[in-house]
Structures are given as C-alpha cells and as structure tokens.
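Using the numbering used here, the letters of the sequence shown correspond one by one to residues 166 to 528.
Remarks on the structure that follows.
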Amino acid sequence: MILSDKLECFILGYGLEIPNQGEYGRSTSLGQLSVAARDKCGECSTDRMSDALYSLQSDHAELKKFVYDGPEIHAVRFDRNNPKWREFLWGYFNVIVSPAGRRRFEQLSEQLQDDDGKFARMAIDEARKSVSEQDGRPHPLVGAVVVKNGQVLSVAHRGEPVGNHAEYIALEKKLPDEVVAGATVYTTLEPCTTRNHPKIPCVRRLIERRVARVVIGMLDPNPEIRGMGEQLLNEAGIETQLFPRDLRNQIEEMNCDFIINHKERQSRANTSPPKTSSEPEANPKVAEIIKHKGETVTVFNRQKHGHGYLEGFWANGAVVVDCTPLWVVLADPVAKNQQSFSLANVEVAFDCEKNRLQLTLYR
166 MILSDKLECF ILGYGLEIPN QGEYGRSTSL GQLSVAARDK CGECSTDRMS DALYSLQSDH
226 AELKKFVYDG PEIHAVRFDR NNPKWREFLW GYFNVIVSPA GRRRFEQLSE QLQDDDGKFA
286 RMAIDEARKS VSEQDGRPHP LVGAVVVKNG QVLSVAHRGE PVGNHAEYIA LEKKLPDEVV
346 AGATVYTTLE PCTTRNHPKI PCVRRLIERR VARVVIGMLD PNPEIRGMGE QLLNEAGIET
406 QLFPRDLRNQ IEEMNCDFII NHKERQSRAN TSPPKTSSEP EANPKVAEII KHKGETVTVF
466 NRQKHGHGYL EGFWANGAVV VDCTPLWVVL ADPVAKNQQS FSLANVEVAF DCEKNRLQLT
526 LYR
C-alpha cells in the first residue's frame with residue numbers, strides 16, 4: 166500500500182475515533198494529525214499531511230471550520246479549487262467522516278493488514294534460509310523482500326552468498342538496474358549503519374535507491390546501535406514501521422541465540438571499566454573511525470531540506486581528532502578549528518577515489 170493510501174486510512178480512522186456529533190465531526194489541526202500519524206504511518210511532515218487532506222474524496226470526508234459570527238455559528242467548508250486552500254488548514258478545523266468514508270476506511274485497513282502481513286511472512290520464510298559465517302559466533306537470520314505497486318521485485322536472505330547482507334543482495338545483486346524508487350522493503354532485522362570498508366551499510370543503500378518505506382521485523386539487539394538505522398531512514402524521509410507483534414515474536418525466537426549473545430556482551434560491559442577512545446572495540450563505528458585518528462578523511466554534509474537533503478562536502482577534508490560512542494571530533498586542517506558531531510548522525514564508508522575513510526554528517 167502506498168503512503169497516500171495509508172495517510173487516507175489514518176485520517177478517516179482518526180475522524181472515526183470520536184463519533185460525529187451532528188455536523189461537527191472531530192476537531193483537530195494539521196500539527197496534531199501529523200504527530201499522531203507517526204505511530205501508524207511513520208515519519209509524516211505537515212506538507213505530506215496537507216496533501217493527504219487535499220486528496221480526500223468529499224463523499225468520504227468533509228473538512229469544515231465553525232466560525233462564530235456574532236450570536237451565530239456558521240460553517241466554512243474546505244474548497245480545494247481555491248488557490249489559497251492551504252490557508253484553510255491553518256489553525257483548527259473539523260474532520261467529518263461519512264458512512265461511505267467508514268466503508269472506505271474498513272477497506273483500506275483490511276488491505277493494509279493483508280499486504281503487510283503477507284510480505285512480512287514472506288521475509289520471515291526467506292530468513293529461515295540464511296547461511297551464517299563459520300566463525301564461531303551467532304549471526305542473525307535475516308530475510309528481505311522488495312515490493313513495488315503490490316508486486317514482489319526480489320527476495321533475498323543473509324549469506325546468499327555467505328557474508329553478504331539480505332538488503333544488499335535484494336537490491337544490488339538482484340535489482341542492479343531496476344528502478345526501486347517508491348518501493349517498500351520488508352526486512353526482518355533493522356538495516357545496518359556501519360560496515361567495514363569497502364562495504365556500504367544497508368541503510369545507505371536504501372537511501373540512495375530512494376525506497377519509500379522500510380518495514381522492520383526486529384531492531385538491532387546491540388543497545389549501542391539499536392534504532393540508529395531506523396533514525397537515519399526517517400531523517401532521509403523514508404517511512405519506517407515494525408512488523409505486527411506476533412510476527413516480531415517469531416523473528417525474536419528465530420534469533421534467540423543472536424539476541425542472548427548481545428545481552429551477555431552488554432552485561433559483561435556493564436561490569437567492566439568504561440571503554441575509552443583507546444579501547445574502541447565495543448562499537449564497530451568507533452573502532453573504524455579511531456583507526457584513522459590523526460589522518461585526513463573525506464567529509465560530506467547532508468542537511469535536511471523539505472522532503473530531501475542538501476548535500477555538500479568539506480573541501481579540505483578533515484582530520485580525525487577523537488571518537489567516542491557519543492561523539493566524533495573533526496578538525497579542519499586549514500582553518501585549524503575543531504567541531505564535534507553526534508556519532509548517531511555519522512555514516513562511515515570508504516572513499517575509493519582518494520583511498521581513505523569517508524564520513525557523511527547528517528544534520
């Protein structure tokens with residue numbers, strides 16, 4: 166189901182949560198709707214929400230404002246033919262859902278549940294085929310399914326071939342020339358944010374291939390990086406959601422050894438002296454950056470702008486001064502000034518052209 170359908174379903178359901186009182190419906194605002202939509206539809210900007218309200222069919226739902234004029238109240242109806250239609254959405258307005266809108270909501274809800282459940286189960290079935298590296302450590306079982314316009318474009322599992330992640334195989338090995346912009350990717354494990362160079366993190370691949378939505382079966386059990394993949398996807402304007410609870414339970418059971426291993430490592434870390442920048446092995450991103458301490462690295466900026474990003478780079482590169490699980494400190498080799506950046510917003514890759522580390526700073 167595409168995002169516009171999901172937002173339409175959400176708005177209709179939101180209006181139906183409080184029974185219509187005569188002709189008044191449910192009072193709300195653009196900001197309230199956008200915030201409430203994040204839980205069910207992923208990250209939702211006010212621009213996206215206003216477009217969804219504009220697209221509502223008038224026989225499904227009507228938008229009104231009730232204005233006091235002296236002793237009487239009169240209704241102002243939303244007019245999409247008015248060039249200044251966005252002004253109507255400033256402040257509070259009412260959503261009035263008709264019986265036809267209720268039927269449309271039920272239809273969309275059923276479609277959403279069926280589609281997500283079907284493709285999520287397909288990803289779980291694929292995950293069971295995963296092949297782990299023979300290195301004595303537990304590795305996750307991961308499956309990925311790429312879907313566009315209701316059609317499955319590819320399926321993949323971790324270790325197909327051995328050592329490669331499911332998202333990489335599904336996108337780059339099986340769909341190298343396919344346009345996947347606007348697609349939904351179902352993956353049983355939160356996409357990775359760091360890889361040892363020259364490999365590229367799965368999050369970066371998903372962003373660069375312009376997928377519209379990522380549905381995740383289980384967040385990374387490593388508490389130091391848990392949620393980072395989801396955060397970077399949201400910051401890039403990609404909608405994220407979790408599998409239904411019953412399917413998440415299945416994935417966690419399949420990966421119990423992998424989860425227990427991370428819990429035991431965290432327990433040992435909690436009883437050991439705190440790690441410093443000279444002991445970076447607890448966090449692979451820290452370890453990779455610290456290896457290049459004192460060296461010049463390539464630095465790109467990606468600054469949020471509307472639904473996308475403005476991109477730039479540091480012309481002089483930067484010198485790695487230090488890195489901890491919270492911050493990375495970089496110095497401009499010409500200006501001689503230092504800046505600190507949240508490690509959660511730093512992506513690590515490798516600049517093959519200049520044969521050095523590459524950092525992308527998301528702001």
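Just so it is clear, CB atoms sit at the ideal spot from N, CA and C, and this is done for glycine as well.
Top-ranked residue by Cα proximity to residue i, from the options
i: T358; options: V379, S169, N510; result: N510
i: S263; options: V307, L526, Y179; result: Y179
i: R375; options: V486, Y189, Q396, I403; result: I403
i: R521; options: Y527, E453, A496; result: E453
i: Q523; options: V462, P490, Q468; result: V462
i: Y189; options: E400, A321, K229, I416; result: K229
i: N420; options: T211, S295, R203, V241; result: S295
i: A285; options: Y257, V345, N259, M383; result: M383
i: I425; options: D342, V345, G308, P386; result: P386
i: A348; options: P303, S194, T405; result: T405
i: R269; options: P303, S223, I289; result: S223
i: Q278; options: V380, E460, K519; result: V380
i: R213; options: P303, L172, P236; result: L172
i: K313; options: R302, N361, L340; result: L340
i: P345; options: G301, G315, N361; result: Before going on, a small fix: residue 345 reads as Val here, not Pro. Residue G315 is the option with its Cα nearest to V345.
Length of the line joining the Cα atoms of residue i and residue j
i: V311; j: V494; result: 37 Å
i: S442; j: W250; result: Summary for S442: the model assigns pLDDT 48, below 50, so the residue's position carries little reliability, and this model does not support an answer.
i: F423; j: D244; result: 55 Å
i: D234; j: L177; result: 29 Å
i: L398; j: I372; result: 7 Å
i: H239; j: F253; result: 15 Å
i: E182; j: D280; result: 24 Å
i: P445; j: Q415; result: Interpretation of P445 is limited by its pLDDT of 41, a score under 50 that renders its predicted location unreliable; the figure taken from the coordinates is listed afterwards. Roughly 33 Å separates the two Cα atoms.
i: K456; j: V485; result: 9 Å
i: K428; j: P388; result: 9 Å
i: R267; j: A226; result: 9 Å
i: N259; j: F231; result: 8 Å
i: Q272; j: D170; result: 11 Å
i: V241; j: Y257; result: 12 Å
i: S507; j: L491; result: 6 Å
i: E337; j: N246; result: 44 Å
i: V464; j: V320; result: 34 Å
i: D146; j: Q503; result: Nothing can be reported for residue 146, as the shown portion of the chain is limited to 166 through 528.
i: S584; j: R323; result: There is no way to answer for residue 584, as the model of the chain reaches only from 166 to 528.
i: A401; j: Q276; result: 27 Å
i: R433; j: E343; result: 45 Å
Cβ-Cβ separation, residue j to residue i (assumed contact under 8 Å), whole Å
i: C209; j: S274; result: The pair is not a contact, with the Cβ atoms about 18 Å apart (cut-off 8 Å).
i: K532; j: D497; result: Given a span of 166 to 528 for the chain in the structure shown, any question on residue 532 remains unanswerable.
i: G308; j: P409; result: Not really, about 16 Å apart at Cβ, beyond 8 Å.
i: T489; j: V451; result: 7 Å
Fully enclosed by the stretch 283-353, which beta strand (DSSP E) runs are 3 residues long or longer? 308-313, 316-322, 349-352
Does the contact criterion of 3 or more C-beta pairs under 8 Å hold for the stretch 211-220 versus the stretch 189-200? yes
Entirely enclosed beta strand (DSSP E) segments - the stretch 209-264, minimum 3 residues: 226-234, 237-242, 257-262
Any chance you could list the beta strand (DSSP E) runs of at least 3 consecutive residues sitting entirely within the stretch 355-382, in chain order? 378-381
Say whether the stretch 383-394 touches the stretch 358-372, bearing in mind that this needs 3 or more beta-carbon pairs closer than 8 Å, one atom from each stretch. yes
Curious, which full-length alpha helix (DSSP H) runs of at least 4 residues does the stretch 398-435 contain? 410-419, 421-435
Any contact of the stretch 326-336 with the stretch 255-271, i.e. 3+ C-beta pairs under 8 Å? no
Quick check on the DSSP output: what are the complete beta strand (DSSP E) runs of length 3 or more inside the stretch 438-526, in order along the chain? 461-470, 473-478, 483-488, 492-496, 503-507, 511-516
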